Every structure is written in structure tokens, then in C-alpha cells.
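Notes follow the structure.
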Amino acid sequence: MIFNYPVDFFLAMLANFLFFFSFQLLLTPLPIYVERIGGEPAQVGLVMGALALAAIFSRPGMGRVVDRLGRKPALLFGSATFAVAPLLYLSARSVPQLVAVRLFHGLGLGAFTTAYIALIADLAPSGRRGEAMGLAATASPLSLMIAPPLGTSLMESQGFAPLFAVAASAAALSLAAGLPIAEPQADRSPASDGGFFQVVRRRGVWVPSVAAGVVALTYGSVITFLPLFAARRGIEGVGFFFTAYALAIIAVQALAGRLSDRVGRRMVAVPAMICIGLAFFALTHAHSTPWLAAVGIAYGLGFGGARTTLDALIADSVPLTLRGTAMGIDYASFDLGIGLGSFLLGLVAEAWGYGSMYGLVGAICLAGAATLFVLTARPG
């Protein structure tokens, strides 16, 4: 079935894989690099958080740019930014300089990801948008399985300069993969562009965007607190959770998208969010590595199914000329869910413990699933 997709679809997937390969190479080494030039722990957090901050605030505006100028310019801008940023890290000599580079890096992230998901929705064959968006989303978790350990190995064996050079080269290859892409043409005149507020008040946009924020909250709780939770429980091999999670996402995304093309987005997204909620209830009872890995599988299946179908639901609800703005809102909500959720859940964990915190996360996700079920059943 995948051979029925246009060549531009696979070029976009290749560009996305290389883009995230560049990004994920630096996930582990960059905090160490900040420390090497004199950064304190709080400053490490400031540098790392600057990227997310830039991405969050740039996405809605970048979505409008994507609608007005097209997907390809923003896609190429994002890749070009990622090709330059690693080299700028090398030239930085202070924490403020690193923060500035990180903000620039985050602008590229916001541009590329907003343009990419809108482009994939545009290129999807008729009646197969869910399948297409699920298939296209596998590139990032696939690179996540390869890039971080390679980045750590390069840092330890070769040093930071070769590492940053490889990251820049991967982004340059992403740029090269994006150059031949021919995106579908549309009327991008101001008359065809309803703008941010017309888009955000559509129920087909804000409801699944809020649901995406809930899903993001669960992800933020995992990447921020799971290692600490596992250590408190005496569970070793927390990496097995993330491996199982990534494999489950890769396995389920295209299938979930294809199923949603047949039975409807709501009938896949809601059960997927329920699966996430139940996975977190199971996590509260984890006391062994196999149990933790099993939870990772369940969480990956739910996360992959929910993220794919919520994206497709939003793409379905707007015309092509507003799709970039809609996806920018979606991704901004996701970023906000990770950041704000991690902060608030940290307060919960401090007061009640990690087990109770994860139980609350499961309850929030189930409540989100119920709300999504009710609100998407109504027209508008």
C-alpha cells in the first residue's frame, strides 16, 4: 500500500528522519557541553528549555507563514537552521550565548515540524490521511533509537567538535532531501486565509489540540520523572521502557491511522487515550524491569494511536489554506503540555510521591478521553 504514495511524500519522510537525527544526536551531550563551559545546573536547564520556549511561541505564527508562503520554504528554513546551529554551539563561550543559539535552534524546530505535518496532510492520498500521517510520524521514533547512543559514543570517543559536525551534516542532508519536493498548490491570497482566531475557535481544532496537550502531559511526566520513580522503586534498566515505547509507536502509528480512515478518528483516538490512562495506573504498581517494559509497550501503543489520529482529526477540520495554522496550534498545545505539565506534576510528586502522581496522570488522561468522546460527537 505504501507504494501508492507520491515520491514527494517519501522525500519529506527522509528529510524528517535526518532532521530529527541531527536533533537527537545532541540530546545527551548538550547538557554536558553546557557544564564544560561553566554552566551551573540551573543554567543547564535554562539552555535546554530555551529551545522548547522558542518552539512554543513560534508555532502559531509559523503556522500562518506556512499557510501564506507554502510548506516548503518553512521546511527548508528549519533544516537550514539545524545545519547552522550545531556549529554555533562550538563558537559559544558563555551561557547567554548558548541560550541565544538554543533559541535560534528552537525557531528551526518550530518551523520544520509545523511545515512537515501540514505537508504530509496535503500529500496524503484521498481517504488515507490517517494512514499517511501515522506512517510519516515513524521517522522520529526510529531516529530516537539510533541517534542518542551514537551521539554519546561520538562525544566520548571523538569529542564535541566532530559530534556537532555530524549533527550539522545530517541537517544539511535533510535540507538536500527537501529541495526537490513539489508541494500541492493552493490559493494563498489573504482572502483565502481566515487567520489564527478563525482557526483556533473551530471545535475541530481546539478540542483535539487540548486532547493533544493532555497526551503531552503524560509524555512530560515520563521523560522528567520516570528515572527518579524507577530509582525509588529499585527498578533497573529504565531504558527498556523507552525502547519498548519507541518500538510500539513505530508498530502502531500507520495501522492506527489507517484504522481511523475506516472507522473515524474519534473511534481510535478515544480508546488510545484510555490505553494511555490504564498504562499509567499499571505503572503505579511497577516493581520490576519486565513490568516497566510492558507498561512501555502499552503506553507506546496508546501514545502512537492518539497522537496520529488527533493530528489527522485537526487536519480534516480545516481547508488546505488554514492547515499550517491549525497544526501550529496543535503542536504549540503539545509543547505546552510537556512543559507546564512537568512543572505542575513536580509539585504533585513532591507533595504525594511519584506513585500518586502517576495515578493522577492516568486519571487526567481518562478524563480527557471522556471529554474528547463527548465533544467530538457534537457538530461544529
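Numbered per our numbering, the sequence shown spans residues 6 to 385.
Note that beta-carbon positions come from the ideal geometry of N, C-alpha and C, so glycine has one too.
Treat the numbers as computed from the prediction; the structure is a model and nothing was measured.
Coarse secondary structure for residue i, derived from DSSP in three states
i, result
"S99", "coil"
"L80", "helix"
"T33", "coil"
"R107", "helix"
"I343", "helix"
"I255", "helix"
"Q203", "helix"
"E188", "coil"
"Y2", "A query on residue 2 cannot be resolved here, the shown segment of the chain reaching from 6 to 385 and no further."
"L377", "helix"
"E136", "helix"
"V243", "coil"
"T119", "helix"
8 Å CB neighbourhood of residue i in its chain, flanking five on each side removed
i, result
"H290", "W296"
"Q48", "V39 and V100"
"E188", "D13, G75, R76, K77, L124, D127 and L128"
Residue of the options minimising C-alpha distance to residue i
i, options, result
"L32", "Q102, L159 and T143", "L159"
"Q190", "G225, A181, L124 and R238", "L124"
"N21", "I42, G183, R41 and F169", "G183"
"Q72", "T229, V52 and Y121", "With the sequence shown as reference, residue 72 is identified as Asp, and Gln is not the correct amino acid for it. Answer by Cα proximity: Y121."
"I279", "A356, E355, S96 and G307", "G307"
"S145", "I343, F26 and Q102", "F26"
"A249", "G43, R208, Q203 and A299", "A299"
"I37", "V52, V204, L140 and L349", "V52"
Cβ-based neighbour list, residue i, same chain, cut-off 6 Å, excluding 5 preceding and 5 following
i, result
"G367", "G282, F285 and F286"
"L264", "V273"
"A177", "A88"
"T143", "I255 and Q258"
"Y10", "none"
7 Å CB neighbourhood of residue i in its chain, flanking five on each side removed
i, result
"V212", "L377, L380 and T381"
"T223", "I281, F285, V366 and C370"
Would the segment 235-254 count as touching the segment 368-377 if we require 3 or more Cβ pairs under 8 Å?
no
How do the segment 207-224 and the segment 261-269 stand: do at least 3 beta-carbon pairs fall below 8 Å, yes or no?
no
Given 8 Å, three or more beta-carbon pairs between the segment 108-118 and the segment 224-238:
no
Any 3 or more C-beta pairs closer than 8 Å across the segment 164-180 and the segment 56-73:
no
Is the segment 326-338 touching the segment 150-159, taking contact as three or more C-beta pairs under 8 Å?
no
Segment contact flag, the segment 313-329 with the segment 145-156, C-beta cutoff 8 Å, min 3 pairs
no
Quick one: complete beta strand (DSSP E) runs, 3+ long, within the segment 323-369?
none
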